[in-house]
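> The sequence shown: position 71 = 75 (my numbering), numbered continuously.
One structure, pasted below without further comment.
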Amino acid sequence: MARNGDEESSQGSSAPSVRIRSRADPFLVVCRCFSVLTSLTAILCIFVNVLSAVRSFRNGSDVFDGIFRCYAVAIAVFVVVAETEWGFIFKFWKVSSVSFSCNCSLLTV
5 MARNGDEESS QGSSAPSVRI RSRADPFLVV CRCFSVLTSL TAILCIFVNV
55 LSAVRSFRNG SDVFDGIFRC YAVAIAVFVV VAETEWGFIF KFWKVSSVSF
105 SCNCSLLTV
């Protein structure tokens, strides 16, 4: 009794091989575009809020406004990190922590 693989090899390649091309899902492409747009907007928000915080602290009269701007910068940094790839950040974190732990072990010897 012959198996399917054996029958195909004995018959030769009479049927043309069909290649299935994988295409990107349009929904995922749209989501990725919105993610990039959100990251760029958050970076712009960081820039504007840092400038406003510096002006608030420079005048001295709007200290509370400057403090709230600092919180806005922290939230915008979190949004940028959340919208970008976490994998790259974790890989960088592991590399830097490994190099830091190696440097610390050399210092203790």
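Glycine included, C-beta positions come from ideal geometry on N, C-alpha and C.
Nothing here was measured: the structure is a model prediction, and the numbers come from that model.
(1) Report yes or no: do three or more beta-carbon pairs, one from the stretch 79-98 and one from the stretch 36-51, lie closer than 8 Å?
(2) Please classify Asn-63 as buried or exposed, where buried requires at least 16 neighbouring CB atoms within 10 angstroms.
(3) Can you list, in chain order, the residues of its chain with a C-beta nearer than 8 Å to that of Phe-51? Leave out the 5 residues immediately preceding and following it.
(4) Output the distance between the C-alpha atoms of Phe-31 and Phe-68, rounded to the nearest integer angstrom.
(5) Would you say the stretch 71-82 touches the stretch 21-36, given that touching needs at least three Cβ pairs under 8 Å?
(6) Check Ser-65 in the structure and name its three-state DSSP category.
(7) Does Ala-80 pass the burial test, meaning 16 or more other C-beta atoms within 10 Å, or should it be called exposed?
According to the data block:
(1) yes
(2) exposed
(3) none
(4) 42 Å
(5) no
(6) Residue state, collapsed to three classes: coil.
(7) buried
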